[in-house]
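K.L.:
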Amino acid sequence: MAMSVTSPTADPQKIGSEIDRLFPERRIERVLLVTPPDADAELFRFDTAKRGRYTNYPPYGLLVVAARLREIGIEVRICNLNNEILQTCRELTSADQLDFDAIWQTKLDDDLSEFKPDLVGVTCMFTMTHGSMRAVCDRIKGHNIPVAIGGVHVSNDVQRVLEDIQ
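Quick note on our numbering: the sequence shown kicks off at 37 and runs consecutively.
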């Protein structure tokens with residue numbers, strides 16, 4: 037479900053055809069906005085999370101987007117996978133109990149199945165979150181739902197993102 041527009045002079049007809057393919061009725065009624073975990077499983081440290089030393093900021097940008105979408109009648113849900121990981125760590129007693137990928141994948145799959153979005157928006161603030169964002173986008177692709185991505189990292193490293201996220 038990937039469509040990449042690599043230049044502002046891209047063919048408007050091709051873009052229109054792709055939009056028609058992804059949204060045949062040209063309507064979006066439900067949007068799921070996703071914050072990936074701040075790091076992937078390889079970089080994540082249970083002891084740091086358990087001590088509450090990882091940041092867990094509210095997804096302000098997604099909240100602003102959600103408010104605007106709601107103003108035009110679109111139903112929105114926010115799926116904060118970073119928060120899901122950190123909350124689960126607080127509940128666990130040892131690192132052996134942590135299945136990092138299963139935690140975020142289960143939450144994402146549940147939200148996709150329950151909410152049935154027409155479009156999923158994924159944000160990525162930091163370069164260190166790139167791998168996590170890629171994994172989240174790959175997981176969504178398996179549900180056959182169009183994905184839109186954005187955020188500071190995406191804006192600052194467009195070429196890498198276009199090459200890496202298919």
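C-beta atoms are modelled at their ideal positions from N, C-alpha and C, and glycine is treated no differently.
Looking at the unbroken alpha helix (DSSP H) that takes in Gly-269, where does it start and where does it end?
P.N.:
Examination of residue 269 is not possible in this model, given that the chain is present from 37 through 202 alone.
K.L.:
What is the rounded straight-line gap between the Cα of Val-41 and the Cα of Asn-192?
P.N.:
With a pLDDT of only 47 at Val-41, under the threshold of 50, the placement of this residue in the model should not be trusted; the figure read from the coordinates follows. Each residue's alpha carbon lies about 16 Å from the other.
K.L.:
Secondary structure at Gly-167, three-state DSSP: helix, strand or coil?
P.N.:
In this structure, Gly-167 counts as helix in the three-state DSSP scheme.
K.L.:
Leu-144 and Leu-105: beta carbons closer than 8 Å?
P.N.:
Cβ atoms of Leu-144 and Leu-105: not closer than 8 Å.
K.L.:
Report the partner residues of Gly-157 according to the DSSP bridge assignment.
P.N.:
According to DSSP, Gly-157 bridges with Leu-69, Ala-184.
K.L.:
Do Ile-108 and Val-67 have their C-beta atoms within less than 8 Å of each other?
P.N.:
No, Cβ-Cβ distance for Ile-108 and Val-67 is not below 8 Å.
K.L.:
Tell me whether Phe-59 is buried or exposed, calling it buried when 16 or more other Cβ atoms sit within 10 Å of its Cβ.
P.N.:
Exposed.
K.L.:
Could you check if Leu-69 is buried or exposed, using at least 16 other CB atoms within 10 Å of its CB as the buried criterion?
P.N.:
Label assigned to Leu-69: buried.
K.L.:
What residue range is occupied by the uninterrupted alpha helix (DSSP H) comprising Glu-107?
P.N.:
It spans 96-107 - the alpha helix (DSSP H) in which Glu-107 sits, taken as one unbroken run.
K.L.:
Within its chain, find whatever has a CB closer than 6 Å to the CB of Asp-47; leave out the 5 residues flanking it on each side and keep chain order.
P.N.:
Closer than 6 Å at the Cβ level, and outside the excluded window around Asp-47, lies no residue.
K.L.:
Residues in the same chain with beta-carbon distance under 8 Å from Thr-84, minus the five sequence neighbours each way, listed in chain order, please.
P.N.:
Same-chain partners within the cutoff: Tyr-90.
K.L.:
With a cut-off of 8 Å on the beta carbons, I'd call Asp-76 and Ala-171 a contact; round off their distance for me.
P.N.:
Going by Cβ atoms, the distance from Asp-76 to Ala-171 rounds to 7 Å, so yes, they are a contact pair.
K.L.:
When the Cα atoms are used, what is the spatial distance from Cys-173 to Thr-129?
P.N.:
Whole-angstrom Cα-Cα distance: 30 Å.
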